[in-house]
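A.B. asks: Take a look at this one; I'll ask things after.
In the numbering used here, the protein residues as written are 85 to 522.
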């Protein structure tokens with residue numbers, strides 16, 4: 085998403101960005117600013133999805149560390165009044181949780197969990213239940229926040245996803261989480277620099293938590309084809325970065341690599357495909373051969389503009405020796421496809437906007453995933469979201485899944501907020517989404 089669109093739509097001024105900022109995206113994408121003064125009234129009226137209300141009350145809390153903050157307020161029981169932590173409280177307030185009698189040893193048993201889940205994932209694409217999808221999940225924002233403050237200060241400019249909230253989503257049925265990061269924090273000073281040990285360690289704790297629980301973790305460079313605002317054109321530099329990062333996760337089959345978020349306004353018609361190819365080649369060269377790789381196109385990788393943008397031609401040139409390439413599309417349902425409005429064009433717009441992408445996947449016998457989608461909390465959007473998911477599931481030989489934008493502890497009252505237990509979209513859409521999990 086673009087900063088200007090959301091700022092103008094929300095009536096925000098420059099001073100609003102003193103708080104951590106999250107960049108969302110799409111064909112004319114939006115940005116959401118974390119609101120320190122989230123309305124208590126809105127929060128108090130939020131209801132939990134029926135399938136997870138009990139889960140919130142008794143969610144087991146996995147071992148935490150100072151690096152992975154479980155800072156979103158989680159209700160002690162389903163009857164308690166939920167509260168969203170303010171930005172000042174995010175780094176200091178402990179999560180309010182009634183733990184179960186014992187915490188799951190998910191991290192310590194990660195090898196067994198990863199091995200079991202990897203086997204099921206490998207078979208799922210050929211055996212997905214009719215009318216269901218292999219993956220349903222959400223993006224987990226935080227580590228990519230504060231893009232105007234680089235490398236930034238943790239818990240001031242950016243944070244890491246809340247593993248307690250992630251566990252609620254897993255317990256409720258979600259099985260894939262996209263975790264954005266910034267190239268400028270992972271490789272500080274230049275894209276060819278060594279990986280930053282501190283940022284990597286904190287990020288890795290989140291990834292390891294997700295995969296040890298048996299879910300898939302999508303590692304996504306949220307950079308729009310840029311490093312420090314400059315368009316990336318060196319395939320060797322880009323590949324070199326991914327080779328280093330993939331080495332750190334080569335043995336984790338529940339990891340999925342997502343080369344770059346939403347290329348746009350590229351200098352040539354082929355550079356984004358060439359960068360994707362460099363990413364794929366480097367990942368496989370690093371010994372990461374069992375994982376899926378997601379590749380995104382230009383024009384914010386929109387499903388509805390896949391043909392008109394040239395993606396339908398350029399992206400066909402990417403190859404993967406392991407044949408585990410998945411094409412990632414993003415699709416929002418407001419008038420310009422930017423994800424900046426809670427208003428959907430119509431109750432049928434979801435299925436309509438993915439139709440061309442579906443036809444392309446079928447024609448070329450390829451696999452796709454909706455890496456970002458969302459809609460407002462209203463009747464038209466609810467019908468449009470259900471219609472889109474129905475269309476994806478009807479063609480699940482080609483569509484593997486969909487991930488909602490966005491979860492994460494700093495979204496506040498963002499229109500698409502999916503953070504348990506108080507996110508408006510979480511309360512409205514969670515039951516619908518998980519009903520599509522195979």
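Using N, Cα and C, we set each Cβ at its ideal position, and we do this for glycine too. Note that the structure is predicted; figures quoted are calculated from it, not measured.
#1: Using 10 angstroms around the beta-carbon of residue 446, count the other beta-carbons present and answer buried if the total reaches 16, otherwise exposed.
#2: Apply the 10 Å Cβ neighbour rule to residue 522 and answer buried if 16 or more other Cβ atoms are within range, or exposed otherwise.
#3: Less than 7 Å between the C-beta atoms of residue 438 and residue 509, yes or no?
#4: Is residue 352 close to chain C, meaning its C-beta is less than 7 Å from at least one C-beta of that chain?
#5: Taking its Cβ as the centre, do 16 or more other Cβ atoms sit within 10 Å of residue 352, making it buried, or is it exposed?
#6: Assuming residue 347 and residue 378 are in contact, meaning their beta carbons sit under 8 Å apart, how far apart are those beta carbons, in whole angstroms?
#7: Can you give me the C-alpha to C-alpha distance between residue 233 and residue 503, rounded to a whole angstrom?
#8: Just grab the DSSP bridge partners of residue 415 for me.
#9: Measure the C-alpha to C-alpha separation of residue 414 and residue 392 and round it to an integer number of angstroms.
#10: Report all residues from its chain with a CB closer than 6 Å to the CB of residue 358; omit the five preceding and five following residues, and keep chain order.
#11: Within 10 angstroms of the Cβ of residue 418, are there 16 or more other Cβ atoms? Answer buried if so, exposed if not.
#12: Distance, Cα to Cα, residue 468 vs residue 276?
#13: Exposed or buried, which one is residue 345 when buried takes at least 16 other CB atoms within 10 Å?
#14: Measuring alpha carbon to alpha carbon, tell me which of 485, 420, 483 and 464 ends up nearest residue 512.
#15: Is residue 176 helix, strand or coil by DSSP?
#16: So, under 8 Å CB-CB, residue 453 and residue 484 are touching, yes? Tell me the CB distance rounded to an integer number of Å.
#17: Am I right that residue 215 and residue 518 are in contact with their C-beta atoms under 8 Å? What's the rounded C-beta distance?
#18: Quick test of your reading: residue 409 and residue 339, contact by CB under 8 Å. State the CB separation rounded to the nearest angstrom.
#19: With distances taken between CB atoms, is the gap from residue 286 to residue 492 smaller than 7 Å?
#20: Helix, strand or coil for residue 500 per DSSP?
#21: Residue 321 by DSSP, collapsed to three states: which one?
#22: Distance check for residue 456 and residue 212, CA to CA, integer angstroms please.
#23: Near residue 480, what residues of its chain come up, given a Cβ to Cβ distance below 6 Å and the 5 sequence neighbours on each side ignored?
#24: Tell me whether the beta-carbon of residue 435 lies closer than 7 Å to the beta-carbon of residue 475.
#25: Rounded to whole angstroms, how far is the Cβ of residue 444 from the Cβ of residue 396, which I believe are closer than 8 Å?
#26: Is residue 384 helix, strand or coil when you go by DSSP?
#27: Can you tell me the Cα-Cα spacing of residue 382 and residue 310, whole angstroms?
C.D. replies: So, from the data block:
#1: What you label residue 446 is simply residue 362 of the chain shown in a count that begins at 1. It is exposed - the Cβ of residue 446 has fewer than 16 other Cβ atoms within 10 Å.
#2: As a first step, residue 522 must be located in the chain shown, where it is residue number 438. Buried is the call here.
#3: Here the question's residue 438 lines up with position 354 in the chain shown. Here the question's residue 509 lines up with position 425 in the chain shown. Not in contact: residue 438 and residue 509 (Cβ atoms no closer than 7 Å).
#4: Protein chain content of the structure displayed is limited to a single chain, and chain C is not contained in it.
#5: Position 268 of the chain shown, counted from the start, is the residue given in the question as residue 352. So residue 352 ends up on the exposed side.
#6: To locate residue 347, count along the chain shown from 1; it is residue 263. To locate residue 378, count along the chain shown from 1; it is residue 294. Rounded, the Cβ-Cβ distance is 13 Å, inconsistent with contact.
#7: By 1-based counting over the chain shown, the position of residue 233 is 149. By 1-based counting over the chain shown, the position of residue 503 is 419. So the two alpha carbons sit approximately 24 Å from each other.
#8: Indexing the chain shown from 1 puts residue 415 at position 331. DSSP lists 457 as partners of residue 415.
#9: Counted from its first residue, the chain shown places residue 414 at position 330. Counted from its first residue, the chain shown places residue 392 at position 308. Near 15 Å, if we compare the C-alpha coordinates of residue 392 and residue 414.
#10: Along the chain shown, read from residue 1 onward, the residue named residue 358 stands at position 274. For residue 358, where only same-chain residues beyond five positions count, the Cβ hits under 6 Å are 319.
#11: Working through the chain shown from its first residue, we reach residue 418 at position 334. Classification for residue 418: buried.
#12: Start at 1 with the first residue of the chain shown, and residue 468 comes out as number 384. Start at 1 with the first residue of the chain shown, and residue 276 comes out as number 192. When rounded, the distance between both Cα atoms is 43 Å.
#13: Numbered from its first residue, the chain shown carries residue 345 at position 261. Buried is the call here.
#14: Position 428 of the chain shown, counted from the start, is the residue given in the question as residue 512. Looking at the Cα atoms, 464 is the closest of the given residues.
#15: Taking the chain shown and counting its residues from 1, the one referred to as residue 176 is at position 92. Legend: pLDDT at residue 176 = 30, less than 50; position of this residue unreliable, no value from coordinates given.
#16: On the chain shown, residue 453 is found 369 positions in, with the first residue counted as 1. On the chain shown, residue 484 is found 400 positions in, with the first residue counted as 1. That pair is a contact at about 5 Å.
#17: For this step, residue 215 is matched to residue 131 along the chain shown. For this step, residue 518 is matched to residue 434 along the chain shown. With 8 Å as the limit, residue 215 and residue 518 do not qualify as a contact, their Cβ atoms being about 14 Å apart.
#18: Taking the first residue of the chain shown as 1, we reach residue 409 at position 325. Taking the first residue of the chain shown as 1, we reach residue 339 at position 255. With a Cβ gap of about 15 Å, residue 409 and residue 339 do not count as contacting.
#19: In the chain shown, residue 286 corresponds to position 202, counting from 1. In the chain shown, residue 492 corresponds to position 408, counting from 1. Taking 7 Å as the Cβ cut-off, residue 286 and residue 492 do not qualify as a contacting pair.
#20: Walking along the chain shown from the start, residue 500 turns up at place 416. Of the three classes helix, strand and coil, the one that applies to residue 500 here is coil, per DSSP.
#21: The sequence position of residue 321 within the chain shown is 237, counting from 1. Helix at residue 321.
#22: Start at 1 with the first residue of the chain shown, and residue 212 comes out as number 128. Start at 1 with the first residue of the chain shown, and residue 456 comes out as number 372. So the two alpha carbons sit approximately 21 Å from each other.
#23: Residue mapping note: residue 480 aligns to position 396 of the chain shown, counting from 1. These residues qualify, in order along the chain: 212 and 217.
#24: Against the chain shown, residue 435 aligns to sequence position 351. Against the chain shown, residue 475 aligns to sequence position 391. It is a contact, given that the beta carbons lie within the stated cut-off.
#25: Start at 1 with the first residue of the chain shown, and residue 444 comes out as number 360. Start at 1 with the first residue of the chain shown, and residue 396 comes out as number 312. Indeed they touch by this definition, with Cβ atoms about 5 Å apart.
#26: On the chain shown, position 300 is the one that residue 384 refers to. Reduced to three states, the DSSP call for residue 384 is helix.
#27: Here residue 382 refers to the residue found at position 298 of the chain shown. Here residue 310 refers to the residue found at position 226 of the chain shown. Roughly 12 Å separates the two Cα atoms.
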